[in-house]
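Before any comments, here is the structure.
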Amino acid sequence: MAQQFKTVDFVRLEVETDTDGLSNMLQNPSGELGGWGWVTPLGSSFMQAFSGQLGFVNLLAGASYFYSEAMPINAGQWASASWVALSGQIGLPPSNVPGGWFRARFEWLDASQAVLSAAPQTPYLARNGGRTTLAPAQAPASTAYVRLRFDLFATNTGTNHVGAHTLNFNEATVAKAATSDELGSLRVNLVTNPSFETNTTGWLASTATLASSTDFAAVGSRSLKATKTSSPGSPVTVRSDPMFPVVGNTSYTLQARFRPTVAGRSASLVANWYNGATFVSSRTISAAAAANAWSTLSNTVISPPTATFVQIWAVLEGPSGMPLTEVCYFDAVMLEQASTVEAYFDGSTADAGGWEYDWTGAANASTSTAISSNLPYIAPVSYFDVLPDSHQIRISREGLNVGRLGATILSSELDPSQSTLIRPGKRARLSSLVDGGWETILGGKLLEADVTYELKDPKVPESKRARIEVVIVDPTQILANAGRPEGVATIPALPFVLEGAGVPWSVNGSGNQIATAPVTTYNESAKALDQVALTRDTALGFAWVSRVGVLNVWDRDEIASGSPVLLNESAYSSIDLSFSTKDAINEVQITVQSAGTDGSTIETVYGPYVDAASVEEWGRYRKEFTVTGLDSAAVDALAATILTANVQPRIRVNSITIPIDTVERLEAHALRDLYDEVNVVLDQLGVDDTLRVTGIDHTIDTTKWLLTLRFSEDGGVAQPTVQPPVQSGARPDVGVVELFAGPVDQIPTTKLLCDGSSHAVADYPYLFAVIGYTFGGAGANFSVPNLTDRFPIGAGTKARGTTGGAPSVTLAANNLPPHVHGIARQAGANTGGGTNIALGNAVAGPLGGTQANATTHDPVDILNPWLSLWFIIRAA
1 MAQQFKTVDF VRLEVETDTD GLSNMLQNPS GELGGWGWVT PLGSSFMQAF
51 SGQLGFVNLL AGASYFYSEA MPINAGQWAS ASWVALSGQI GLPPSNVPGG
101 WFRARFEWLD ASQAVLSAAP QTPYLARNGG RTTLAPAQAP ASTAYVRLRF
151 DLFATNTGTN HVGAHTLNFN EATVAKAATS DELGSLRVNL VTNPSFETNT
201 TGWLASTATL ASSTDFAAVG SRSLKATKTS SPGSPVTVRS DPMFPVVGNT
251 SYTLQARFRP TVAGRSASLV ANWYNGATFV SSRTISAAAA ANAWSTLSNT
301 VISPPTATFV QIWAVLEGPS GMPLTEVCYF DAVMLEQAST VEAYFDGSTA
351 DAGGWEYDWT GAANASTSTA ISSNLPYIAP VSYFDVLPDS HQIRISREGL
401 NVGRLGATIL SSELDPSQST LIRPGKRARL SSLVDGGWET ILGGKLLEAD
451 VTYELKDPKV PESKRARIEV VIVDPTQILA NAGRPEGVAT IPALPFVLEG
501 AGVPWSVNGS GNQIATAPVT TYNESAKALD QVALTRDTAL GFAWVSRVGV
551 LNVWDRDEIA SGSPVLLNES AYSSIDLSFS TKDAINEVQI TVQSAGTDGS
601 TIETVYGPYV DAASVEEWGR YRKEFTVTGL DSAAVDALAA TILTANVQPR
651 IRVNSITIPI DTVERLEAHA LRDLYDEVNV VLDQLGVDDT LRVTGIDHTI
701 DTTKWLLTLR FSEDGGVAQP TVQPPVQSGA RPDVGVVELF AGPVDQIPTT
751 KLLCDGSSHA VADYPYLFAV IGYTFGGAGA NFSVPNLTDR FPIGAGTKAR
801 GTTGGAPSVT LAANNLPPHV HGIARQAGAN TGGGTNIALG NAVAGPLGGT
851 QANATTHDPV DILNPWLSLW FIIRAA
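Numbering (this note's numbering), first residue to last: 1 to 876.
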């Protein structure tokens with residue numbers, strides 16, 4: 001049958017495009033892909049998704065944080081973020097209560113994804129605070145990636161939680177741009193108590209008393225009331241103390257409000273610049289101030305090149321100074337790094353006009369920020385359709401092998417040497433119009449592109465002289481490159497392995513994370529894909545990357561079954577059947593990987609298990625499987641299952657080909673996916689098999705679309721996957737001591753601080769296997785080395801774990817080398833140091849005297865020049 005529709009009307013081959021506006025670099029902003037795309041490094045925490053939102057859960061007390069996976073950005077570019085904070089809980093049901101606070105910031109990473117530095121944090125934010133924007137920040141030198149980090153606290157003063165807690169959010173957005181103006185604006189009021197709403201902290205006056213008063217207010221409900229108490233005839237001068245930090249040779253704006261109660265007064269606003277505690281220069285602006293009304297003074301000033309601090313003076317004076325008991329008021333003081341005076345604000349200013357106002361710390365006792373919230377929620381990616389220029393598309397997908405799409409594009413305009421659209425690493429997808437909506441057939445990333453040119457053939461139009469061959473791969477490629485040394489024995493434990501591997505997952509239907517899992521094997525050579533295959537074979541489960549790019553792993557009794565799609569002779573145009581004695585498996589050897597007490601991986605070989613009758617009838621056909629975490633009884637059962645399903649060869653349906661030549665067939669079959677259950681029927685040979693789709697091929701051009709489905713028998717097992725060689729010995733770095741330069745609450749969860757603290761053997765069995773009780777402990781607990789205020793020294797002449805030395809020493813006489821003191825000759829009897837020694841003098845006869853000791857016995861500092869960092873030890 002001829003094609004009854006144009007493929008170009010029902011198929012799109014789309015490549016990620018750089019939009020004219022901003023794009024969202026986060027690929028899972030609201031939990032559409034479960035907990036994927038977010039990293040929870042603490043062993044007690046995990047991310048889950050529900051009802052269109054993401055939920056971070058930490059089950060334990062202490063420091064708590066999570067962050068996004070790294071996103072590419074160039075040094076010098078700007079990044080901004082926004083999200084909607086929905087709710088938070090403190091404690092576990094039934095005693096949990098709403099509440100809690102959090103802060104957010106960017107972390108800048110280098111090409112190896114090591115942290116370079118961090119941008120300023122937001123103020124403390126309530127966990128039900130709604131949409132919030134993280135101000136634009138510029139990536140520093142050497143930046144290659146950025147990630148969005150959230151830190152959780154019990155209070156808005158930075159107190160850590162004492163138990164379990166949660167944060168629920170959605171519509172997270174991270175965008176980058178060449179300039180900050182494209183992302184929003186940030187203003188900072190550097191004055192820490194600008195409107196005197198609670199007290200007069202941070203302000204002094206030498207000749208007046210100060211009070212927070214409700215008499216008048218330019219902003220808020222209070223102002224600073226100054227009452228003249230001494231030095232009649234002098235002005236009232238209010239000054240900031242402590243001073244505010246500034247940057248030299250930088251433009252600042254200064255403003256304040258004045259309200260005298262007597263006519264004829266003038267106001268002055270003074271910026272006094274300092275280098276440390278040394279005065280550098282000052283800048284003053286003055287103007288008349290009307291009585292019983294607020295007057296505003298403002299000025300733009302440039303700090304001297306050497307300035308590091310500024311002190312603000314607000315001054316009111318009359319023609320002859322100010323008499324005793326005269327009262328005046330000050331309010332709304334602002335210092336901002338800017339070149340133009342703009343409207344006053346502080347952290348209590350009401351949000352309006354697209355601006356959000358917050359204190360960076362305690363209200364009325366910290367600097368405050370104004371952030372323009374013009375970064376709305378942005379869909380993660382936009383695409384450009386290149387199908388009109390495509391000549392042929394070929395797709396091949398199979399189990400845990402990398403799915404590939406090859407396409408031939410005839411377009412001079414899209415030539416990668418002339419256009420930036422086609423670049424390795426960009427996301428791409430093939431979609432089909434099904435039931436009125438566009439659905440993905442294969443999603444992945446561009447791997448490579450090759451171009452050849454047809455420049456002489458007159459039949460080829462100029463627009464099609466570039467022949468572009470592109471290859472798109474699905475996320476299996478990412479799993480094949482992501483190192484994952486730890487393996488697990490059960491499919492529900494796989495999220496522990498997959499977190500941070502860069503691919504979303506559905507494990508028995510759930511995309512959520514888990515806090516921890518029993519590790520049954522450790523292999524430094526293994527990748528995430530190896531570990532998935534190992535667990536799949538252990539459980540005799542199913543594993544594949546779906547057409548939308550989600551890794552699916554299912555236990556056999558969890559996967560949907562019992563409603564196969566009927567595919568009879570009217571559905572397919574060809575069928576490939578075969579019978580081969582080589583299809584039999586009648587000898588099985590199983591290697592079990594398990595973790596030793598010292599963290600090493602032990603391999604135990606079981607078998608061979610043989611079905612003698614099958615061997616006698618069909619010949620010997622052996623398969624070797626590698627699994628993990630099974631005992632001998634479970635291995636026996638696994639071998640029996642494999643043999644039962646495979647000892648008897650039979651006529652097998654290898655594949656069928658379905659022509660997608662009508663809209664009805666397109667809607668019925670275009671979205672077929674791996675491990676769909678189908679019922680293949682061929683009456684002629686009595687074939688009526690319920691099978692799982694284990695391979696899919698599409699061939700699409702302008703006039704034809706063929707779909708080929710490949711199969712393995714339901715009840716059989718996946719072909720065993722070759723595992724990488726096991727890294728021999730214990731985990732190579734358990735027990736290694738190293739230095740850490742970050743804050744102590746950010747020490748990696750696999751490391752412990754070398755502070756001599758005691759830990760349970762059960763919590764860190766691999767470390768205990770290495771160091772034992774060498775550094776203290778007994779029974780169920782052992783101690784780590786204590787390197788607080790100590791240098792390590794190589795063991796050898798000194799036994800491992802022994803200590804010695806001191807930071808200073810007091811010298812004794814025996815520590816001094818032999819030496820001579822000179823004594824001046826005197827005409828008379830001399831008095832020398834020491835103990836009654838005889839001395840000669842100008843006259844005959846002995847001369848008695850004493851010599852005083854010159855030392856003071858003060859200890860001598862013998863420490864070398866030092867820099868304080870944390871010593872940490874790998875524990876897991």
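Using N, Cα and C, we set each Cβ at its ideal position, and we do this for glycine too. Just so we're clear, the structure is a prediction, and the values are computed from it rather than from any experiment.
Secondary structure at residue 464: helix, using DSSP grouped into helix, strand and coil.
Residue pairing for residue 243: DSSP places it in no beta bridge. Listed in chain order, the beta strand (DSSP E) runs fully inside the stretch 266–291 are 278–289, counting runs of at least 3 residues. Residue state for residue 518 is assigned as coil, using DSSP reduced to three classes. In the DSSP assignment, residue 531 falls outside any beta strand (DSSP E) and lies within the alpha helix (DSSP H) extending over 528–539. Comparing alpha-carbon positions, the option among 382, 712, 505 lying closest to residue 577 turns out to be 712. Taking residue 216 as reference, the option from 435, 224, 210 with the minimal CA-CA separation is 224.
Residue pairing of residue 437 in beta bridges, as defined by DSSP: 434. Using a Cβ distance threshold of 7 Å, residue 234 and residue 321 count as a contacting pair.
Secondary structure at residue 167: strand, using DSSP grouped into helix, strand and coil. With fewer than 16 other Cβ atoms from the protein chains shown falling within 10 Å of its own Cβ, residue 867 counts as exposed. As summarised for the stretch 355–422, there are no continuous alpha helix (DSSP H) elements at least 4 residues long confined to that stretch. Taking the Cα of residue 44 as reference, the smallest distance to any Cα among 582, 580, 514 is reached at 514. Taking a C-beta distance under 7 Å as the contact criterion, residue 428 and residue 451 do not qualify as a contact pair.
Only residues of its own chain outside the window of five on either side were considered, and among them 274, 309, 310, 311 have a CB closer than 7 Å to the CB of residue 243, listed in chain order. Looking at the DSSP output, residue 71 bridges to 146. Bounds of the beta strand (DSSP E) holding residue 655 are 652–659. For the alpha helix (DSSP H) assignment, the uninterrupted runs of no fewer than 4 residues enclosed by the stretch 730–779 are, from N- to C-terminal side, 765–771.
Rounded to the nearest angstrom, the gap between the Cα atoms of residue 393 and residue 746 is 49 Å.
Residue 53 sits in a strand when the DSSP states are folded into three classes.
Less than 7 Å separates the beta-carbon of residue 639 from that of residue 588.
In the three-state reduction of the DSSP assignment, residue 58 falls in the strand class, which pools E and B. Look at the beta carbons and you see the stretch 497–508 not touching the stretch 452–459: under three pairs across the two are nearer than 8 Å.
For residue 477, the enclosing alpha helix (DSSP H) stretches over residues 476–481. Beta-bridge analysis with DSSP links residue 669 to no other residue. Residue state for residue 585 is assigned as coil, using DSSP reduced to three classes. The criterion of a C-beta distance shorter than 7 Å is not satisfied by residue 246 and residue 314. For the options 36, 5, 764, 365, the alpha carbon positioned closest to that of residue 475 is the one of 36. When the alpha-carbon of residue 858 is set against those of 864, 808, 876, the nearest one is in 808.
About 33 Å separates the beta carbons of residue 280 and residue 326, which is beyond the 8 Å limit, so they are not a contact pair. Checking the DSSP bridge columns, you'll see residue 213 partnered with 223.
Excluding residues up to 5 positions away in sequence, 191, 194, 256 lie with their Cβ nearer than 6 Å to the Cβ of residue 333 in the same chain. With fewer than 16 other Cβ atoms inside 10 Å of its own Cβ, residue 793 counts as exposed.
Non-local beta-carbon contacts of residue 135 in its own chain, meaning distances under 6 Å to residues more than five positions away in sequence, involve 186, 371 in chain order. Under the DSSP definition of a beta bridge, residue 605 partners with 591. For residue 691, the closest alpha carbon among the candidates 698, 677, 683, 685 is that of 677.
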